[in-house]
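Participant: Under the UniProt record's numbering, the residue at position 100 of the sequence shown is numbered 100, and the numbers go up by one with no gaps. All C-beta atoms in this analysis are idealised placements derived from N, C-alpha and C, irrespective of residue type, glycine included.
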Amino acid sequence: MPIAGRLIATLSTLELQIEAVDTAAGRAAPPPVTAASRDAELPDLPALAVESAFKRGPAADAPDLPELPSDAHRHAGRRVRLQDTVAALRPLHKQFEVARRAWEDACMRTLLELRGAFDHEADDVRIVFREFPAADRPSIARDDEALGGLGELGAVARAATELLPGLQVPAGEPEIRRFLARVVDVLRVFAACTLELHRVRARQSTDLGVRWEALPDPLAGLDTREEWLRYLLDWRDAGEARSELVRSFAGLVDHLQCYAQAALSGAREVVFTLSPSEMERTVSASWPTRTAALWRHYEACFASLCGDTYDHLTPGFRTAFARAYTRALARVGIPFHAGEPEDRP
1 MPIAGRLIAT LSTLELQIEA VDTAAGRAAP PPVTAASRDA ELPDLPALAV ESAFKRGPAA
61 DAPDLPELPS DAHRHAGRRV RLQDTVAALR PLHKQFEVAR RAWEDACMRT LLELRGAFDH
121 EADDVRIVFR EFPAADRPSI ARDDEALGGL GELGAVARAA TELLPGLQVP AGEPEIRRFL
181 ARVVDVLRVF AACTLELHRV RARQSTDLGV RWEALPDPLA GLDTREEWLR YLLDWRDAGE
241 ARSELVRSFA GLVDHLQCYA QAALSGAREV VFTLSPSEME RTVSASWPTR TAALWRHYEA
301 CFASLCGDTY DHLTPGFRTA FARAYTRALA RVGIPFHAGE PEDRP
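(1) Quick one: what does DSSP say ALA328 is sitting in, helix, strand or coil?
(2) Under 9 Å between the Cβ atoms of ARG199 and PHE336?
(3) Which same chain residues, not among the five before or five after GLU51, have their C-beta less than 7 Å away from its C-beta?
(4) Count the other CB atoms, across all protein chains shown, that sit within 10 Å of the CB of ARG318; report buried if there are 16 or more and exposed otherwise.
(5) Please report the residue range of the alpha helix (DSSP H) in which residue 346 lies.
(6) What is the DSSP secondary structure of ARG109, counted as helix, strand or coil?
(7) Tell me, please, whether the region 281-291 touches the region 234-249 by the rule of three or more beta-carbon pairs shorter than 8 Å.
(8) Please list the terminal residues of the continuous alpha helix (DSSP H) segment that includes GLN261.
(9) Cβ atoms of GLU244 and PRO218: under 9 Å apart, would you say?
(10) Roughly how many whole angstroms lie between the Cα atoms of residue 347 and THR282?
(11) For the beta strand (DSSP E) that TRP212 lies in, which residues bound it at each end?
(12) Looking at the structure shown, is ARG236 part of a helix, part of a strand, or coil, going by DSSP?
(13) Could you tell me which of LEU274, VAL270 and TYR325 sits nearest to residue 346, measuring between CA atoms?
(14) What residues in its chain sit with their C-beta under 8 Å from that of ASP136, if we drop five residues either side in the sequence?
(15) If I measure Cβ to Cβ from PRO170 and keep anything under 8 Å in the same chain, skipping five residues before and after, which residues do I get?
(16) Alpha carbon to alpha carbon, how far is PHE272 from LEU187?
(17) Could you pull out every residue in the same chain whose Cβ sits closer than 7 Å to the Cβ of ARG225, ignoring the five residues on either side in sequence?
(18) Just list the beta strand (DSSP E) runs in the region 271-322, keeping only unbroken ones of 3 residues or longer that don't cross its boundaries, in chain order.
(19) Relative to the C-alpha of GLU213, which residue among ARG90, ILE334, VAL86 and GLU15 is closest?
(20) Find out if the Cβ-Cβ distance for the pair SER265, ARG327 is shorter than 9 Å.
(21) Under 9 Å between the Cβ atoms of PHE321 and ALA262?
(22) Name the two residues that bound the continuous beta strand (DSSP E) containing LEU14.
(23) Which term fits LEU163, buried or exposed, when burial requires 16 or more other beta carbons within 10 angstroms of its beta carbon?
(24) State the CB to CB distance for the pair GLY209 and ALA292, rounded to an integer number of angstroms; the pair is presumed to be in contact (CB under 8 Å).
(25) Could you tell me the alpha carbon to alpha carbon distance between LYS94 and THR85, rounded to whole angstroms?
(26) Can you give the Cα-Cα distance for GLY166 and ARG100, rounded to whole angstroms?
(27) Would you kindly check if the distance between the Cβ of ARG6 and the Cβ of GLU15 is under 9 Å?
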């Protein structure tokens, strides 16, 4: 069937164009075919084009695929240009973020320095930052309410500067909220761990029959982490909570040192009871029954050291351990009451 004008068939990204041209004999090209006449004369051209394109491929029996819209290529090209634009802007934005954080950090340090150096810090801040665009000023320096004493954000930033020297202070409300949440979590963990260390200290000394005398330490009578934090962080109390906390940790350090020294000294003491000279000294039987008496004494000593255990300590070890522990406490000047070691199964 003759084709007049131009025929365009599109399948996915493949486009086929068929255009009528004059022959060598000089015949004039047939007049263009209108859309109505093309649909009437060539109703099966799309199906034929699909069949011709796929008859040699692995999907020759697949159903006809829908044609892409006419602006598909323009849409794909636009997406490529947008992706290239984003890729070009991303490193510039990263540099901008680094510069912005450095600017906010420098502004916050300036605010803190002005607060510590002058009495009228709000006026000084206005004088400094009016030289810069309002949009570039730190949030704490944008309104009069925040400038009144630099506001709560400035106080938190000052605390962050004191706690984290050399580290960039939190800038803006979201970062300050995260900083405060981190401080709260750390304080809770600190209080819980410290309280547990004191409980372990009391339990270990009690197992050895040693009870520390009550010290003038208010923290010793607190049983929960909430009570610890309430006592230590109560800003209304003018007491020396810091010195009391230092004394509390000093007691823990003394216990750990005495406990470790007692373990070594007690181990040497119990090993010495098995020495030949000690065996000879403690057995009074004479020959010919002395050999049997020495052996029986050795068995008794060995059973005392390596027999039934309570909390990983046998009676022999526990007694020697308690004596060494009390000697170590006496050397460092800790008052205590010594009793019989507790054997708990």
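Facilitator: From the atom records:
(1) The count along the sequence shown starts at 1 and reaches residue 328 at position 328. In this structure, ALA328 counts as helix in the three-state DSSP scheme.
(2) Taking the first residue of the sequence shown as 1, we reach residue 199 at position 199. Taking the first residue of the sequence shown as 1, we reach residue 336 at position 336. In this structure, PHE336 does not lie closer than 9 Å to ARG199 by Cβ.
(3) Numbered from 1 along the sequence shown, position 51 holds the residue referred to as residue 51. Model confidence at GLU51 stands at a pLDDT of 46, short of 50, so the residue's coordinates are unreliable; what they give is reported in the following sentence. Cβ within range, chain order: n/a, list empty.
(4) Numbered from its first residue, the sequence shown carries residue 318 at position 318. Buried is the call here.
(5) With the chain running from 1 to 345 in the structure shown, residue 346 is simply not present.
(6) Locating residue 109 in the sequence shown gives position 109, where the first residue counts as 1. It is helical.
(7) no
(8) The residue labelled residue 261 in the question sits at position 261 within the sequence shown. Following the DSSP letters along the chain, one finds GLN261 inside the alpha helix (DSSP H) bounded by residues 241-272.
(9) Walking along the sequence shown from the start, residue 218 turns up at place 218. Walking along the sequence shown from the start, residue 244 turns up at place 244. Going by C-beta atoms, PRO218 is nearer than 9 Å to GLU244.
(10) Outside the shown range of the chain (1 to 345) lies residue 347, about which nothing can therefore be said.
(11) Start at 1 with the first residue of the sequence shown, and residue 212 comes out as number 212. Its beta strand (DSSP E) spans residues 210-212.
(12) The count along the sequence shown starts at 1 and reaches residue 236 at position 236. It is coil, neither helix nor strand.
(13) Shown here, the chain extends from 1 to 345; a query on residue 346 therefore has no answer.
(14) As a working mapping, residue 136 is identified with position 136 in the sequence shown. The answer, listed in chain order, is TRP103.
(15) As a working mapping, residue 170 is identified with position 170 in the sequence shown. Result list for PRO170: VAL156, ALA157, ALA160, ILE176, ARG178 and PHE179, in chain order.
(16) In the sequence shown, residue 272 corresponds to position 272, counting from 1. In the sequence shown, residue 187 corresponds to position 187, counting from 1. Straight-line Cα distance between these residues: approximately 47 Å.
(17) Stepping through the sequence shown from its first residue, residue 225 is reached at position 225. Answer for ARG225: ARG188, ALA191, ALA192 and LEU195, listed in chain order.
(18) Runs of the beta strand (DSSP E) spanning 3 or more residues and lying entirely within the region 271-322 do not occur at all.
(19) Here residue 213 is taken as the residue at index 213 of the sequence shown, counted from 1. Per the Cα distances, ILE334.
(20) One-based indexing of the sequence shown puts residue 265 at position 265. One-based indexing of the sequence shown puts residue 327 at position 327. Yes, they are a contact pair.
(21) Taking the first residue of the sequence shown as 1, we reach residue 321 at position 321. Taking the first residue of the sequence shown as 1, we reach residue 262 at position 262. Closer than 9 Å, so yes.
(22) Within the sequence shown, the letter at position 14 stands for residue 14. Boundaries of the beta strand (DSSP E) harbouring LEU14: 14-19, taken from the DSSP string.
(23) The residue labelled residue 163 in the question sits at position 163 within the sequence shown. By the neighbour-count rule (16 or more Cβ atoms within 10 Å), LEU163 is not buried but exposed.
(24) Translated into the one-based positions of the sequence shown, residue 209 becomes position 209. Translated into the one-based positions of the sequence shown, residue 292 becomes position 292. Going by Cβ atoms, the distance from GLY209 to ALA292 rounds to 35 Å, so no, they are not a contact pair.
(25) As a working note, residue 94 is residue 94 in the sequence shown. As a working note, residue 85 is residue 85 in the sequence shown. Straight-line Cα distance between these residues: approximately 15 Å.
(26) If you number the sequence shown from 1, residue 166 lands on position 166. If you number the sequence shown from 1, residue 100 lands on position 100. Approximately 18 Å between the Cα atoms of the pair.
(27) The count along the sequence shown starts at 1 and reaches residue 15 at position 15. The count along the sequence shown starts at 1 and reaches residue 6 at position 6. For GLU15 and ARG6, no; Cβs fall outside 9 Å.
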